[in-house]
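Colleague: Quick one: the structure is below, and I'll ask about it shortly.
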Amino acid sequence: MKLCDKEYILSVIATPIGNLEEVSERVIKCLNEAYVILCEDTRVTAKLLHLLNIYDYKKLISYHNFNEIQKLNEAINYIKKYPTALVSDAGYPTISDPGYKLINECHQQNIGIQVINGPSSLMHALVASGMCSQDFMFLGFLGKTQKQRVEKLKLYKNLQTTFVIYEAVHRIEKTLMDIYEIWGDILIFIGRELTKKNESHYYGYLSQLPPITEKGEFVIVIDNKINQDVIKNNNINECLIKIRDLMKQNFKLKDACKEVSKSSNFDSKELYKLIINQK
Numbered sequence: 001m002k003l004c005d006k007e008y009i010l011s012v013i014a015t016p017i018g019n020l021e022e023v024s025e026r027v028i029k030c031l032n033e034a035y036v037i038l039c040e041d042t043r044v045t046a047k048l049l050h051l052l053n054i055y056d057y058k059k060l061i062s063y064h065n066f067n068e069i070q071k072l073n074e075a076i077n078y079i080k081k082y083p084t085a086l087v088s089d090a091g092y093p094t095i096s097d098p099g100y101k102l103i104n105e106c107h108q109q110n111i112g113i114q115v116i117n118g119p120s121s122l123m124h125a126l127v128a129s130g131m132c133s134q135d136f137m138f139l140g141f142l143g144k145t146q147k148q149r150v151e152k153l154k155l156y157k158n159l160q161t162t163f164v165i166y167e168a169v170h171r172i173e174k175t176l177m178d179i180y181e182i183w184g185d186i187l188i189f190i191g192r193e194l195t196k197k198n199e200s201h202y203y204g205y206l207s208q209l210p211p212i213t214e215k216g217e218f219v220i221v222i223d224n225k226i227n228q229d230v231i232k233n234n235n236i237n238e239c240l241i242k243i244r245d246l247m248k249q250n251f252k253l254k255d256a257c258k259e260v261s262k263s264s265n266f267d268s269k270e271l272y273k274l275i276i277n278q279k
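Here the sequence shown is numbered in the UniProt record's numbering, starting from 1 and rising by one per residue.
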């Protein structure tokens, strides 16, 4: 069914992630037309409306991660009675922000979903990173505890794709340490305060990262295909060194390859060919 044929419609609006000039005329139009605005934080949305010179009375309803289930029916009732919009504090609702449960319920009740596009720190960082974006995985926030972060990092360690990770200022150092511990000294991109006046980027290896003293929201991008290739090459070189050491101890080449293969991810025949090709 066409969106225009739906009896009820929820407008899902992306808000600025740092620069007010990112707001389109369509965003302003939809915010003006909405009577009810479901907000992650009513104070943040009230400030945005003021900056956009939208002074018509709006009913701002608090709708966030901690109450979205309890307020689900209330939100649906508003959508069926008034022009209603859903916003988060910055960027797109549902992207590491509340909203997907409401949108899912709207589909169940045949309510149309109108997405009003805008800025996304995920896409901004991915493009700015210069890393492969033909396929990528968004991991959002890895977790508040080290255990949560480490479990997720271990789960995706061997997946060869590009990862995008969000992190807050009070956890960024700990998260980078966890990444270093699980994934090693990998090549990363870090974007801070995207689209804002003090936007900054870092591109390089984790071991060369200067101390982070600045505040802000961070987006980390990792091309794990590149990193896996580097790790594989390093592992191969380590294996070849071990084989040569064993041969100095009077091991035959084939026997040395078999011995090293026991403690590596490489087949003895593969190691044998690598040694022969280097001669």
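Glycine included, every Cβ here is placed at the ideal spot set by N, Cα and C.
For the segment 187 to 268, which segments carrying the beta strand (DSSP E) assignment without a break, of at least 3 residues, lie completely within its bounds, in sequence order?
Modeller: If we require 3 residues or more, the beta strand (DSSP E) runs fully inside the segment 187 to 268 come out as 187 to 192, 200 to 205 and 218 to 223.
Colleague: If you follow the beta strand (DSSP E) that residue 12 is part of, which residue opens it and which one closes it?
Modeller: It spans 9 to 13 - the beta strand (DSSP E) in which residue 12 sits, taken as one unbroken run.
Colleague: Comparing alpha-carbon positions, which option in 75, 31 and 242 lies nearest residue 116?
Modeller: Answer by Cα proximity: 31.
Colleague: Which value, in whole angstroms, describes the spacing of the CA atoms of residue 220 and residue 162?
Modeller: Computed Cα separation, rounded: 10 Å.
Colleague: Where does residue 168 sit, in a helix, a strand or coil, going by DSSP?
Modeller: Of the three classes helix, strand and coil, the one that applies to residue 168 here is coil, per DSSP.
Colleague: Would you kindly check if the distance between the Cβ of residue 16 and the Cβ of residue 119 is under 8 Å?
Modeller: A contact, by the Cβ cut-off of 8 Å.
Colleague: Can you have a look at residue 159 and say buried or exposed, based on whether 16 or more other CB atoms are within 10 angstroms of its CB?
Modeller: It is exposed - the Cβ of residue 159 has fewer than 16 other Cβ atoms within 10 Å.
Colleague: Candidates 208, 211, 180 and 215: which alpha carbon is nearest residue 199's?
Modeller: Among 208, 211, 180 and 215, the Cα nearest to that of residue 199 belongs to 215.
Colleague: Pull up the distance between the alpha-carbon of residue 237 and that of residue 255, whole angstroms please.
Modeller: Cα-Cα distance, rounded: 18 Å.
Colleague: Counting pairs of beta carbons, one from the segment 45 to 52 and one from the segment 133 to 151, are three or more of them closer than 8 Å?
Modeller: Taking 8 Å as the limit for Cβ pairs, the verdict is that the segment 133 to 151 does not touch the segment 45 to 52.
Colleague: Can you check which of these residues, 126, 146, 261 and 52, is closest to residue 27 by C-alpha distance?
Modeller: For the residues 126, 146, 261 and 52, the minimum Cα distance to residue 27 belongs to 52.
Colleague: Would you tell me roughly how many angstroms separate the C-alpha atoms of residue 98 and residue 77, rounded to the nearest one?
Modeller: Each residue's Cα considered, the two are about 18 Å apart.
Colleague: By a C-beta neighbour count over all protein chains shown, 10 Å radius and 16 as the cutoff for buried, is residue 100 buried or exposed?
Modeller: Result: exposed.
Colleague: When the Cα atoms are used, what is the spatial distance from residue 188 to residue 141?
Modeller: Spanning the two alpha carbons is a distance of roughly 16 Å.
Colleague: For residue 73, count the other beta carbons within 10 Å of its own beta carbon; 16 or more makes it buried, fewer makes it exposed. Which is it?
Modeller: That one is exposed.
Colleague: Can you name the start and end residues of the alpha helix (DSSP H) that residue 155 belongs to?
Modeller: Element bounds for residue 155: 146 to 156.
Colleague: Express the C-alpha separation of residue 134 and residue 34 in angstroms, rounding to a whole number.
Modeller: Looking at the two C-alpha atoms, the distance is approximately 37 Å.
Colleague: Thinking C-beta only, is residue 185 closer than 8 Å to residue 205?
Modeller: Taking 8 Å as the Cβ cut-off, residue 205 and residue 185 qualify as a contacting pair.
Colleague: Take residue 240 as the anchor and find which of 217, 222 and 266 has the nearest alpha-carbon.
Modeller: Ranking 217, 222 and 266 by Cα distance to residue 240 puts 266 first.
Colleague: What number of angstroms, rounded off, separates the C-alpha of residue 192 from the C-alpha of residue 242?
Modeller: C-alpha separation (whole angstroms): 43 Å.
Colleague: Have a look at residue 252 and residue 263 and give me their C-alpha separation to the nearest angstrom.
Modeller: Approximately 18 Å between the Cα atoms of the pair.
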